[in-house]
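I have placed the structure first, in the form of structure tokens, so that the comments after it can refer back to it.
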Amino acid sequence: MKMLKRKWQLLIKSFCLVLILIIARVIIDYYNLDVITINSITSALVTGVIFTIAVIFTGTLTDYKESEKIPSELAASIKSLYLDSYMFPTVKQEVIDQFKSHIRNLHKEVVSNFRLNTWDLTSLNDVTQEINRDISTLSLENVAPPILVKMRNELTTIDRTFNRIKQIKDTDFIPAAYAISEMAITFVILILLFIKSDSLIESVLLIAAITAMITGLFFLIKDMDDPFEIGVGSSADVDLFLLFDLDQYLKD
Numbered sequence: 204m205k206m207l208k209r210k211w212q213l214l215i216k217s218f219c220l221v222l223i224l225i226i227a228r229v230i231i232d233y234y235n236l237d238v239i240t241i242n243s244i245t246s247a248l249v250t251g252v253i254f255t256i257a258v259i260f261t262g263t264l265t266d267y268k269e270s271e272k273i274p275s276e277l278a279a280s281i282k283s284l285y286l287d288s289y290m291f292p293t294v295k296q297e298v299i300d301q302f303k304s305h306i307r308n309l310h311k312e313v314v315s316n317f318r319l320n321t322w323d324l325t326s327l328n329d330v331t332q333e334i335n336r337d338i339s340t341l342s343l344e345n346v347a348p349p350i351l352v353k354m355r356n357e358l359t360t361i362d363r364t365f366n367r368i369k370q371i372k373d374t375d376f377i378p379a380a381y382a383i384s385e386m387a388i389t390f391v392i393l394i395l396l397f398i399k400s401d402s403l404i405e406s407v408l409l410i411a412a413i414t415a416m417i418t419g420l421f422f423l424i425k426d427m428d429d430p431f432e433i434g435v436g437s438s439a440d441v442d443l444f445l446l447f448d449l450d451q452y453l454k455d
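Structural data, given as structure tokens:
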């Protein structure tokens, strides 16, 4: 049921808009207000709108494909840090337990931010700083330098990933392009509503097909622009199951 909702909800939203436009078209046809003739300029305008949407879709898709890698890489880094805690046989048990606890806190904070659809770098940096202090403590316990360097590299990778997620969530892809697309789509819809046609059925089908396509693509692009909108009815979220499933592993 959940998969069906994610698959069809954007189309349902588009079809609702299409239904409203069809009703408007019937009213326009009834009062003979259709005064625009189909010509090359009309066709060029529709083509231009589709081209603009394609440009935005290409840019958004690049970020989206990168975002698909983030959950697995982040989960792998957290898991790697946790496994490193078993490589200190001569270190005091309370130091190791504290290190493990801070890694669990890091994972908990990451999952909490995703579930709440926020990305609070301040709280996340506080947790990573605790782990950084743990690594400093381990260095005083004469842990082998290669292991310490490896853990610092993992922590740097995690910090870099946190910054990238923040940038993806808070940055829109070319806001001016969105504005141009919205304006162009509005003009195309208005033109389609008032185009002269010998058949009402023909004009209704034309409006339904073109409007469903351009609005559906536009809604998809807006949805893809933030691929980490967990729990807000998004249809284009990155699957975070690897991060969520890691919770049980860290408890064990």
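In my numbering, each residue's number is its place in the sequence shown (first place is 1) plus 203. Positions of the beta carbon are idealized from the N, C-alpha and C atoms, including for glycine. Quick caveat, the model's predicted, so the values are computed rather than measured.
For this session: Examine the Cβ distances between the stretch 364-382 and the stretch 234-242 and report whether three or more of them are shorter than 8 angstroms.
Result: Touching, no, given that fewer than three Cβ pairs across the two stretches are closer than 8 angstroms.
For this session: For ILE256, write down the residues that DSSP places opposite it in a beta bridge.
Result: Looking up residue 256 in the sequence shown gives position 53. Residue pairing of ILE256 in beta bridges, as defined by DSSP: absent, with no partner found.
Exercise. Hey, would you say ASP362 sits closer than 9 angstroms to ASN328, going by beta carbons?
Worked result: As a first step, residue 362 must be located in the sequence shown, where it is residue number 159. As a first step, residue 328 must be located in the sequence shown, where it is residue number 125. ASP362 places its beta carbon less than 9 angstroms from that of ASN328.
Exercise. Roughly how many angstroms lie between the CA atoms of PHE260 and VAL298, to the nearest whole one?
Worked result: Here residue 260 is taken as the residue at index 57 of the sequence shown, counted from 1. Here residue 298 is taken as the residue at index 95 of the sequence shown, counted from 1. Whole-angstrom Cα-Cα distance: 49 angstroms.
For this session: Select from GLY251, ASP232, SER280 the residue whose C-alpha is nearest the C-alpha of THR389.
Result: The count along the sequence shown starts at 1 and reaches residue 389 at position 186. Of the candidates GLY251, ASP232, SER280, GLY251 places its Cα closest to the Cα of THR389.
Exercise. If you draw a straight line from the C-alpha of ALA279 to the C-alpha of ILE215, how long is it?
Worked result: By one-based count along the sequence shown, residue 279 stands at place 76. By one-based count along the sequence shown, residue 215 stands at place 12. Spanning the two alpha carbons is a distance of roughly 37 angstroms.
Exercise. Helix, strand or coil for ILE433 per DSSP?
Worked result: As a working note, residue 433 is residue 230 in the sequence shown. DSSP, read as helix, strand or coil, puts ILE433 in coil.
Exercise. Taking all protein chains shown into account, do 16 or more other C-beta atoms lie within 10 angstroms of the C-beta of ARG228, making it buried, or fewer, making it exposed?
Worked result: Reading the sequence shown from its first residue, position 25 is the one you call residue 228. Burial call: buried.
Exercise. Can a CB atom of chain D be found closer than 9 angstroms to the CB of LEU449?
Worked result: Among the protein chains of the structure shown there is no chain D, as only one such chain exists.
For this session: Assess, as a yes-or-no matter, whether the stretch 398-406 is touched by the stretch 337-355 under the definition of 3 or more beta carbon pairs within less than 8 angstroms.
Result: Using a C-beta cut-off of 8 angstroms, the stretch 337-355 makes no contact with the stretch 398-406, since fewer than three inter-stretch Cβ pairs fall below that distance.
Exercise. Going by C-alpha distance, which of TRP322, ASP266, THR359 is nearest ILE334?
Worked result: For this step, residue 334 is matched to residue 131 along the sequence shown. Nearest in C-alpha terms to ILE334, of all of TRP322, ASP266, THR359, is THR359.
Exercise. Start and end of the alpha helix (DSSP H) containing PHE421?
Worked result: For the purposes of this step, residue 421 is identified with residue 218 of the sequence shown, where counting begins at 1. For PHE421, the enclosing alpha helix (DSSP H) has its first and last residue at 403-427.
Exercise. When we look at the beta-carbon of ALA158 and count the other beta-carbons within 10 Å, is it buried (16 or more) or exposed?
Worked result: The requested residue 158 does not occur in the structure, where the chain is confined to residues 204 to 455.
For this session: Determine the contact status of ILE398 and ILE253, defining contact as a CB-CB distance below 9 angstroms.
Result: Locating residue 398 in the sequence shown gives position 195, where the first residue counts as 1. Locating residue 253 in the sequence shown gives position 50, where the first residue counts as 1. Not a contact, by the Cβ cut-off of 9 angstroms.
For this session: Taking PHE173 as part of the alpha helix (DSSP H), name the residues at either end of that continuous run.
Result: Outside the displayed span of the chain (204 to 455) sits residue 173, for which this structure offers no information.
Exercise. Since GLU333 is in the alpha helix (DSSP H), which residue starts that stretch and which ends it?
Worked result: Here residue 333 corresponds to residue number 130 of the sequence shown, with the count starting at 1. Note, GLU333: alpha helix (DSSP H), 324-343.
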